[in-house]
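Trainee:
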Amino acid sequence: MLNRRRFLMSTAAAGAAGLVASHLSPAFAEGAPQIQLFVPAAPGGGWDQTARTMDQVLRSEKLISGSQITNVGGAGGTVGLPQFISQWNGKGNSLMVAGMVMVGAIIANKAANNLTQVTPIARLTGEFEALVVPAESPFKTAADFVAALKADPTKVPVAGGSAGGSDHILFGLIAKTVGVPATNLSYVPFAGGGEALSALLGNQVAAGISGFGEFSEQVKAGALRLLAISADKRQEGIDAPTLKEAGIDVELFNWRGVFAPPGISDADKAAMVTLVETMAKSDAWATECKNRNWTQILLAGDDYAKFVTEDSARIEAILKDLGLA
Amino acid sequence: METLGHLAHGFSVAFTPVNLLWCLLGTTLGTAIGVLPGLGPALTIALLLPITYQVAPEASFILFAGIYYGAMYGGSTTSILLNTPGESATIVTALEGNRMARSGRGGAALATSAIGSFVAGTLGTMGVAFLAPVVVKFALAFGPAEYFSLMVLAFITVSAVLGSSSVRGLTSLFAGFVIGMIGVDLQTGQPRFTFGTTELLDGVDVIIAAVGLFAVGETLYMASRRYAGKDEIVPLKGSLYMTAAEWGRSWRPWLRGAAIGFPIGAMPAGGAEIPTFLSYAIEKKLSKHKGEFGTVGAIEGVAGPEAANNASAAGVLVPMLTLGLPTSATAAIMLSAFQSYGINPGPLLLTTQGDLVWGLIASLFIANVILVILNLPLIGLWVRLLKIPAPQLYAGILVFATVGTYGISQSPIDLVILYLLGAAGFLMRRFDFPTAPVIIGMILGPLAETQFRRAMTISNGDWSVFYTHKLSLTLLTLAFIGLAGPHIWAFIEHRRRRGPEHVPGDA
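Structure, rendered in structure tokens:
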């Protein structure tokens, strides 16, 4: 576990890091609770940034006096999840950050535990995906892309993130909706958005699918053409239709949310939902989300629980079609 | 020149007392984390990300850049002294560096690596400032087919580290492939060789493997051969730093290492490991002291790879600053720091955030100077580590390796892997199998596989991509020359020497 305090003690280097961090931490609010944040991923990724941004906003809004962040990374969160379920059971002041990636990993890794075993608190943010092509591509619209895909899917290599991840899932959903068998797709997975981007800029592939933020600057600079986005409605300042408007009835957010451990009291759960909702409605949170290209898609409590179940079913179906589950 | 003007402006940003202090803090911290196996620059910067809420963007990037360059310096120290690489880019440094340390030239090894890092780091940073647009164009021309051909070339050069028996060397290399395959297959999402263990889904960390095979294996081997009584302490030979002869043998490898490291580092899938392998192989080929390689330790084998890894670290910044492409874990985290300031890294970064980017580049020059000033006097202190009697020293290495490994992911499974590989390293040492090819197999094997499969997916199963793409063909040709060249040369030499006997009438 990457418990920060223990981590600091273990190494001199991180000790120096701690000096910087503690020097900079603002004064603690009186009377507000301490919370624990569990991140089932290594420091630096999306979930970790979500946790650290939450910590920052919760403290600046004086909703908590402080928080401790624990990282247990590995295998799309399926290494951390069992620990959160067993070792954090009943701890009412704790939250785990997770999201759609974990839903996919649970199914693809055939993990023993799943998200029905934890307590859904709220869905916070999402990143919609983008379908892009290199500037020189003959595809001018999403319809051109679909037509080529229908003609021969093996001739349309599409780059994106790791196999079975959100990008692959969206590609599968698009193909399924337009009637192309998912097994025929030519999907070229890359370890991260950066590498996929370089394959697009170097004209190595026909199209790319990844989080909008991965491509936005290249689209602005004219190196990539944005064909469609997977959001539910048109986005301000983005000159591209949604997939639905382009005639492909698919909507997908790579969502992130928080979960409490199993076995907490109803009062603790209600307090946690209130805390997270208050944070998510604050201006400070809105600013952070804007800076990071996170779309706010707040959904709390029981509605969130229902959403997690439905999304899991949808993802499982498409992963089966793609031959990954 | 326009660039010089920008750079001068950058220096005016970086030369404020506060920013110099951030740079000093970053480089010191970076050196420290580089020394510790398990704590890398990516993790450290990730943990320091919250400071972006408090300080100006210039200051935090100067800090991060210092950490990044510092880690590259620090990583070589433990490789050389303790055979415990702190970073995957310094694994090759351990090969010759540790042998030099054990034959009493540890100070020279540390000095050539510090000065080589300075030279290559400075050249690399100049590359970032002046050549970025050209280099990035070249780097983007590399697709999966080209990468695969580059791997083929790298595999050919691996023969340089296979050791005396190629059967044993190849056995080690293939063992490395198998270890490298453990985990979820990126192309299909299916687990391989994980035996149902969740912890193995992400594969075996190459640092853990290197520390296990090199440091733990070596410790066990020393322990098994120890007899009571006499403790040998290697006396320092010659100058604490470098002799004139060693300077003479170092400067060419520094320049060659920088020339190899910078462009490969700038490639989106290049990394820091491949240039170190290539540099090592080239230095071994070109050296006039081949007998020292793998025995008492050849200084060229430290100077070249060390320069290569620092130049590649600079190279990584090229796609990051010009295109917003993160090509290493550290770059990805630095980019996410840009986002906390509401700055979107991308092709427009240089025009919209000129102050920040040029300040960052200028601070890299300063970081390099600080690092060499910081590291050279430390050498005297470091080499004293070697005066510790063997039992205590090796016990210390074991503790250090264990703590460092636990630090990577706080997973007990990693410790099991460390000691299993340590035992394997011991047996390999005992039965005279080289351990370096295992690590090389672990790094190159999966890369070659992934790029091959990507290339074949994109070409829809058409093999011709490997020879119809010009760059790919060039690389494959180079690989072929590397493989067949020495044999053909030897054949010609042989014919020429025998020639006169067959010419009648020639006295």
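Taken in order, these protein sequences are the chains called P and L.
Residue numbering for the first sequence follows my numbering, beginning at 1 and increasing consecutively.
Residue numbering for the second sequence follows my numbering, beginning at 326 and increasing consecutively.
Yeah, the Cβ is synthetic: ideal placement off N, Cα and C, and Gly gets one too.
#1: Over what stretch of residues does the beta strand (DSSP E) that includes P:Pro82 continue unbroken?
#2: Taking the CB atoms as reference points, tell me whether P:Ala260 and P:Thr53 lie closer together than 7 Å.
#3: Tell me, which residues are paired with P:Gly126 by DSSP?
#4: With distances taken Cα to Cα, identify the nearest neighbour of P:Val332 among P:Gly90, P:Met96, P:Ser216 and P:Gln56.
#5: Which residues in chain L sit within 7 Å of P:Thr154, going by Cβ to Cβ distance?
#6: Take the Cβ of P:Asp167 as the centre, count every other Cβ of all protein chains shown within 10 Å, and call the residue buried at 16 or more, exposed below.
#7: Give the single residue among P:Leu63, P:Gln68, P:Leu37 and P:Met102 whose Cα lies nearest to the Cα of P:Asn254.
#8: Taking 7 Å as the limit between beta carbons, can you name the residues of its chain near L:Tyr394, skipping five residues before and five after?
#9: P:Ile85 and P:Asn113: beta carbons closer than 7 Å?
#10: Quick one, which residues of the segment 219-230 of chain P are near chain L if we go by CB-CB under 7 Å, in chain order?
#11: Just the Cα atoms here: how many angstroms apart are P:Lys269 and L:Thr727?
#12: Got a sec, what are the start and stop residues for the alpha helix (DSSP H) L:Ile765 sits in?
#13: Compute the Euclidean distance between the alpha carbons of P:Arg59 and L:Ile376, then round it to the nearest angstrom.
#14: Once DSSP output is grouped into helix, strand and coil, what is the label at P:Asn113?
#15: Under a Cβ-count criterion, where at least 16 other Cβ atoms within 10 Å of its own Cβ denotes burial, should L:Phe816 be classed as buried or exposed?
#16: Compare the C-beta of P:Leu19 with all C-beta atoms of chain L and state if any pair is closer than 7 Å.
#17: Which chain L residues sit within Cβ distance under 7 Å of P:Val79?
#18: Going by beta carbon distance, what residues of the same chain come within less than 6 Å of P:Glu30, once the five residues before and after it are set aside?
#19: Using a Cβ-Cβ cut-off of 8 Å (strictly less than) and excluding sequence neighbours within five positions of L:Phe473, which residues of its own chain qualify?
#20: Grab me the residues of P:Gly263's own chain with a C-beta within less than 7 Å of its C-beta, minus the 5 sequence neighbours each way, in chain order.
#21: Run the CB neighbour count on P:Gln218, radius 10 Å, all protein chains shown included, and call it buried at 16 or more, exposed below.
#22: Among residues of its own chain, excluding the 5 on either side of L:Leu740, which ones have a beta-carbon nearer than 7 Å to its beta-carbon?
#23: Thinking just about the alpha-carbon of each residue, which of P:Ala111, P:Asp303 and P:Gly179 is nearest to the one in P:Ile121?
#24: P:Ala228 and P:Ala313 - do their beta-carbons sit closer together than 7 Å?
#25: What does P:Thr70 pair with, by DSSP beta-bridge criteria?
#26: Chain L beta carbons: is any one of them nearer than 7 Å to that of P:Val158?
#27: Between the segment 156-170 of chain P and the segment 315-323 of chain P, are three or more C-beta pairs nearer than 8 Å?
#28: Rounded to the nearest angstrom, how far is the Cβ of L:Ser612 from that of L:Ala628, given a contact under 8 Å?
#29: I'd like to confirm the pairing. Which residues does DSSP put opposite P:Ala300 in its beta bridges?
#30: By Cβ distance, which residues of its chain are closer than 7 Å to L:Ser784, with the 5 residues on each side in sequence left out?
#31: Could you check whether L:Glu383 and L:Gly400 sit closer than 7 Å to each other, using their CB atoms as the reference points?
#32: Assuming L:Trp579 and L:Ala632 make a contact with CB atoms under 8 Å, what is their CB distance in whole Å?
#33: For L:Asn635, which residues of its own chain have a beta-carbon under 6 Å away from its beta-carbon, when the five flanking residues on both sides are left out?
#34: Using a beta-carbon distance below 7 Å, is P:Gly211 in contact with chain L?
#35: Under 7 Å between C-beta atoms, does L:Leu495 make it to chain P?
#36: Would you please verify whether the beta carbon of P:Glu217 is less than 7 Å from any beta carbon of chain L?
Mentor: So, to answer that:
#1: Where P:Pro82 is concerned, there is no enclosing beta strand (DSSP E), although the alpha helix (DSSP H) it sits in stretches over Gly80 to Gln87.
#2: no
#3: P:Trp255 and P:Thr295
#4: Here chain P covers residues 1 to 325 and nothing more, so residue 332 of chain P does not appear.
#5: Asn785
#6: buried
#7: P:Met102
#8: Thr352, Gly355, Gly446, Ala638, Leu689, Ala692, Asn693 and Leu696
#9: yes
#10: Lys220, Ala221 and Ala223
#11: 40 Å
#12: Ala761 to Ile783
#13: 14 Å
#14: coil
#15: exposed
#16: Residue confidence is low: P:Leu19 scores 41 on pLDDT, short of 50, so the model does not pin down where it sits. Its coordinate-derived value is still stated next. Answer no: the Cβ-Cβ gap between P:Leu19 and chain L never drops below 7 Å.
#17: Thr523 and Glu524
#18: Low per-residue confidence applies at P:Glu30: pLDDT is 47, beneath 50, and the placement is therefore not dependable enough to give any value.
#19: Ala773, Gln776, Phe777, Ala780, Phe791 and Ser797
#20: Asn89 and Gly90
#21: buried
#22: Thr727, Thr730 and Tyr731
#23: P:Asp303
#24: no
#25: P:Phe38
#26: no
#27: yes
#28: Contact doesn't hold; Cβ gap of about 10 Å is too wide.
#29: P:Ala122
#30: Val790
#31: no
#32: 4 Å
#33: Met397, Ser442, Ala445 and Gly446
#34: no
#35: no
#36: yes
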